[in-house]
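To start, the structure itself, in structure tokens.
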Amino acid sequence: MLWWSQENISHCCKRYDWMKIKRISRRKFMKSGLAWIAGTATSLGSIGKAASDKEIAAVSRTSIKSLRAIPTTCQQCPAGCGIIAYLDGERLVQILGNPNHPNNRGGICAKGIAGINLVNDPERLLHPFKRAGARGSGAWTRITWDEAYSTLSHNIREMLEEDRVSEFVIDKGQDDSLFDRFLAALGAPRIIDRNALKNLNRSVAALSMVGAPALLEDIEKSRTVLNFGANPFSNHDFFIGFARRLVLARIEKGAKLVTFDVRMSETAAKSDAWYPLKAGTDGIVALAMAKVIVDKGLADSDFIDKKTDITLSDLNRLLTPYSPESAERESGIKASDIERLAVEFATRKPSVAIFGGGITDHQNGTHNARCVSLLNWIAGNLEKDGGLFFPQHSTAQQIIEQQSPPLPPGLRNTIRGIPDLDKTNIPIDTYFAYLSNPAYSEPDCQSTTRFLKDENAVPFLVVMDTHMTETANLADLILPASTFLEGWGLSNAPPLDGIPILNLRQPVVSLMSVAKALRSPAFDVGKLLEPSFQPMGESVEIGNMSLELARRIGGRLSQELPFKNTSDYVAKQISSLSGSGIQEGLEILKKKGFWMDPTSEKRTVSSFHDTKETKKTLQVRIRSSSLEQKSASPLPVYKTIESHKHTDRNEFILTTFKSNLMGSGTANSKWAREILHENRLWISTKVAKQLGIKNNDRVRVTSPVGSLRAKVLTTSRIHPDSVALAEGLGHTAVGNVARGKRFKSKDRDTSLIWWSQKGNGVNPMEIIEAKYDPVGGGLGLKDTVVRIEKLSGGQTE
Ligand code: SF4
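Residue numbers (numbering that gives the first Met the number 0): 0 to 796.
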């Protein structure tokens, strides 16, 4: 997983000069790593006895034996926390945060802990299958990997020979640099990159202003935090590391936290103040605050003069239409509150304005992000303690990019999902979904399901996943994927303190059911996998699958992927750091789980300024020529979302949210589902009363693309114009746990699913329209207007 690689964003195919990276010497790497270890451990022994024996030692509750501890990296969300996996014999029994990891500092969330459920799940997909009846009928025949590889390599070779690689569609839900290398070597497959798509509006906004797809917030030193639609206490790209720093700022610096959100999120609930506003109107609130700051002479005029492309008088003109009163009319937030908060933001320094999906997942999301960013520029919150900053040069990113060249320009993320594919005239030969489940997670997913089921539209559908997902149910070929705890990988962790961190993911499970993985006689298991570490059943790492396909297809592909297996690949990535001595470098990572250069200077402005090129790009571009070229407003502006203008009494803007327990890796987790297994529709108590709806009544929720039945939660914690549903529930596949069904298995807990009578919730994607921001291209996930109708016989409890 690349945290913020330019590869991840369609609009950043070109390299940005400020990202140029200083190579570090092998000597420095070794010296610093060893020094760190020497300070924290008494033995470098086996992998299990890692750098910090003292902190990570644990004992089995049942056998009182010492547990083996293996440091690795969590991949249940993009935060990339350092974790320690504990094994009792060969069984994974516990996952805790790595106390030495600089980001999460020993913290871990429920989703990370539930990685155990993912590995030990009795419903995991463990063998390759091919379809044996009509598509979607559920009839399967088990096949060998040899047969699966033959079929796939034959298809790919034909597409290559006939110069129609664009008919190969890749839908990937998780990044893997070896798989990316395989795709790059293929030439021009069409790629749907789900991770990059999630942050498209945010990335386009940041690129248009600072020439980088993201900045980081030095939140631990902030004293005033204005939060527009982010929920760092439950769901955030840097989740645990960021939340810890925000909590520290609150406790140690007395930081004030103010949240604007349509619903009372976990973060809003823990803020000093929560302002519920009409969905998608954050931009005008931010602009009105900016106007107050400028009008009152509180703007950082020095920063504006020297570091931006705009003058104070230009700013005055830009902000003229955005009075606090106009923002009140649009958003519902009182003008007096806007004024007071603006003054506080400009005077109670250091301050920072942060934002999240609550403002970017709209058809005006890119401009919303630009408007909130403008607040930071006006207050001069860049490269100052407690403000926004550019991370230092990323050695880690260099390592990964050296071994994984970016795909040809223009090929990534040009496809926003199946609705986009559907519109093109390019035929599809093979659709390959890796850890992606569009039949469940794409907006208007019922149309997606019809599309994937249509053999004329999608002649050959391949799904590689850990479970039989809704999409796998439609597949012609199903391949069992290993979990993140069973394979190798290197990734950039978000450098929350400014210093790059290289994370290692290594196998922690040496498996029980082992062995007959990869049954092809032509496939040398001994060479491919380290004997003691094999993914469960016949599941395979996507990287190893890529290598085997490359070998079989031959030619350029096999030349471009000259690696024995994923661990060999990781070792070679490390060796590129120094050119030699790879084993020592890798051994340090194996023992610690991550690497960062402890001799790096503390982040300073100079870390950003140290090349001529970076000096040039430091200027913040408030007027964006790239947006102008797209016929969008070059300046931050607010635009009302058309469909939100005239909602009647029975129409609501549907917003969605993610609990930290939800994610593809926890869909079938018994622990996560026991805590969260239903999602009621949030509706304002006052509005519900006007409509004659009571708590727990059943309603039909209808949008332009479909309808669903949901139970109601009446609450004062939501704006009256909105209703809300949690994402991640209402599965019709994946497993019995995900579907809320009790069943017998080798895990006795599965017969104790006490919530089986309650159902398993609803999937909001069934009724969400596929509408996009015309500026950034991101999905307007939180824009669909729905009608609510109380069902007769609706029950109350
Ligand atoms: S925050 Fe993300 S990476 Fe960290 S433990 Fe939780 S799921 Fe894993």
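Using N, Cα and C, we set each Cβ at its ideal position, and we do this for glycine too. Nothing here was measured: the structure is a model prediction, and the numbers come from that model.
Check	Outcome
Near ligand 1: Gln75 beta-carbon under 6 Å from a heavy atom	yes
Proximity to Pro212 [Cα-Cα], best of Met158, Ser202, Phe344, Met263	Ser202
Cβ-heavy atom distance, Gly111 to ligand 1, below 6 Å	yes
For Ala570, three-class secondary structure by DSSP	helix
Given Met463 as reference, the closest of Lys757, Ser233, Phe178, Pro773 once Cα atoms are compared	Phe178
Of the listed residues Asn116, Ala368, Thr150, Gly691, nearest to Pro127 (C-alpha basis)	Thr150
Classification of Glu540 by the beta-carbon crowding that lies within 10 angstroms, buried from 16 upward	buried
Selected residue, minimal CA-CA separation from Arg316, among Glu726, Val785, Val636	Val636
Cβ-Cβ distance between Ile682 and Val704 below 7 Å	no
C-alpha distance - Leu588 paired with Pro763, whole-angstrom precision	41 Å
Extent of the continuous beta strand (DSSP E) run through Leu225	223-227
Heavy atom of ligand 1 within 6 Å of Ala492 beta-carbon	no
Own chain residues within Cβ distance below 8 Å of Glu454, not counting five before or after	Arg134
8 Å CB neighbourhood of Gly779 in its chain, flanking five on each side removed	Asp360, His361, Gln362, Gly364, Ile640, Glu768, Lys770, Tyr771, Asp772
Between the CA atoms of Glu627 and Thr71 - distance to the nearest angstrom	45 Å
Run of the alpha helix (DSSP H) containing Gln558, from where it starts to where it stops	554-559
Whether Glu485 touches Pro458 by CB criterion (7 Å)	no
For Gly705, the first and last residue of its enclosing beta strand (DSSP E)	705-714
Glu216 in three-state terms, based on DSSP	strand
Neighbourhood of Pro520 by C-beta distance below 6 Å, restricted to the same chain and skipping five residues each side	Reliability fails at Pro520, whose pLDDT of 35 lies under 50, so the model's placement of it is uncertain and no value is given.
C-alpha gap between Ile218 and Asp308, whole angstroms	26 Å
Beta-carbon separation (whole angstroms), Thr565 vs Gly542, contact threshold 8 Å	4 Å
Segment contact, 8 Å Cβ cut-off, at least three pairs: the stretch 736-749 with the stretch 157-168	no
Element boundaries [alpha helix (DSSP H), containing Thr365]	364-377
First through last residue of the beta strand (DSSP E) which encompasses Thr71	67-72
Between the CA atoms of Glu788 and Lys277 - distance to the nearest angstrom	22 Å
Cβ pair Leu215, Phe354 closer than 7 Å	no
Backbone CA spacing between Val257 and Ser335 [nearest angstrom]	15 Å
Distance, Met158 Cα to Leu724 Cα	42 Å
Beta-carbon gap between Leu495 and Asp475 smaller than 7 Å	no
Rounded separation between Lys745 and Val92 - CA only	16 Å
Counted within 10 angstroms of its Cβ, other Cβ atoms place Glu757 as buried (16 or more) or exposed	It is Lys, not Glu, that sits at residue 757 in the sequence shown. Exposed.
Alpha-carbon spacing of Lys30 relative to Val224, whole angstroms	Residue confidence for Lys30 is low, a pLDDT of 43 falling below 50, so the modelled location carries little weight; the figure read from the coordinates is stated next. Rounded to the nearest angstrom, the two C-alpha atoms are 39 Å apart.
First and last residue of the uninterrupted beta strand (DSSP E) at Met288	That residue, Met288, is in no beta strand (DSSP E); its alpha helix (DSSP H) goes 281-294.
Beta-carbon spacing of Ser538, Ser481 below 7 Å	yes
Close-in-space but distant-in-sequence residues of the same chain around Thr783 (CB under 6 Å, 5 per side omitted)	Leu653, Ser702, Ile767, Glu768
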